[in-house]
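What follows is one structure encoded as structure tokens, with my remarks underneath.
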Amino acid sequence: MGKKGVLLVNLGTPDSPEVGDVKRYLDQFLMDERVIDINAFSRTMLVKGVIVPFRSPKTAKLYKEIWDENGSPLLYYSKIQTAMVQEQLGPDYHVELAMRYQNPSIPAALAKMKAGLVESIQVIPMFPQYASASTGSVIQLVMELVSKWQTIPPVSFVNSFHDNPGMIATFADNARKYQPETYDQILFSFHGLPERQLIKCDHSQSHCLKSADCCQTLTDVNKFCYSAQCHDTAKLIAAELQIPSAQYSVCFQSRLGKDPWVQPYTSDVLKQLAAAGKKRLLVFCPAFVADCLETLYEVTVEYGEEFRKLGGEEVQLVSSLNDNPQWISALVKMIKDNQGA
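Here the numbering used here is used: the first residue of the sequence shown is 52, the next is one more, and so on.
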């Protein structure tokens, strides 16, 4: 029998922090029709004419701040995760890593699986909460590529794992070393999305953003809603750590452009907490399974500086899942459970 293929896919990273590589990364990323979901002509004019030329030099400087002897932290930890998963699964599995944008690419990873004569392919987009712009984009590209093969093996996908017990436990354990009970407030800061993308994912067209608390509880209507899944992840981690609801806040970072994004924005929450006299914040970023630009720079540096200017004292980031053995075991269990192994 052939090996069972497992494709782990994260978002992506430039090949280097140099401006040219950052331009190529941003161009591929932002030209994705699911990321900037407007008509093709407007997207091309906006991305190639405005965002990439002006944003690339600034973004390159930020990447240089987090680049170290291991290169990109996201790629570094993703490679380690892949190797650890392969080791735990053993020789009956063929595990490959890919990035949705740039390298290692999804086409290259699938080609390796095809050459390895895998008997099936399980695709795990490494985004705990489902979003069309992340998980949906990975699934679409894989289906487009594999659909062109003459012989198509069984292909399956993990849609989301926002409530995975092992993932929740790992985030909680990572936080315990900081003694969460000693902080004034706990923040769960997730990557943001335009509100229009949430509305598009509401198949009922009768629930999304129709009330202020539409995302607070996960139901059959909003079970694929990114924001609702984020709130559920936060609720589960808080429960694991016995954090009362009044002691934590859910917010969304990385807003781009002037259109309304999922709220509340992290910056606004920082202002509110500082005004309320909060001094020390502990921050989770449970939309990421590996530390990256959004955690290591945006939260630790930018939000840290912003909060101190507002009168706060400390913004402490809880490490992502990275190479934590507990997370790897949870990922392996997820793979086996989804394949009925």
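Note that CB positions come from ideal geometry on N, CA and C, so glycine has one too.
Quick caveat: nothing in here was measured; it's all calculated off a predicted structure.
Among the bridge pairs identified by DSSP, residue 242 is matched with 304. In this structure the stretch 179 to 193 touches the stretch 236 to 251; the number of beta carbon pairs closer than 8 Å is three or more.
The closest CA to that of residue 319, considering only 358, 338, 386 and 290, is found on 358. The straight-line gap separating the alpha-carbon atoms of residue 314 and residue 305 is approximately 11 Å.
The beta carbons of residue 104 and residue 342 sit no closer together than 8 Å. When C-beta atoms of the stretch 282 to 296 are compared with those of the stretch 230 to 237, three or more pairs fall below 8 Å, so the two segments count as touching. Out of 140, 193 and 131, the CA that lies nearest to the CA of residue 161 is found in 193. Of the residues assessed, residue 378 falls on the buried side of the cut-off, its CB having 16 or more other CB atoms within 10 angstroms. In the three-state scheme derived from DSSP, where H, G and I count as helix and E and B as strand, residue 214 is classed as coil. Looking at the DSSP output, residue 149 shares a beta bridge with 60. Under DSSP, residue 106 takes part in no beta bridge, so it has no partner. The Cβ atoms of residue 302 and residue 368 do not sit closer than 8 Å to each other.
In the structure shown, residue 292 falls within a coil segment according to DSSP collapsed to helix, strand and coil.
Distance from the CA atom of residue 271 to the CA atom of residue 216, rounded to whole angstroms, is 20 Å.
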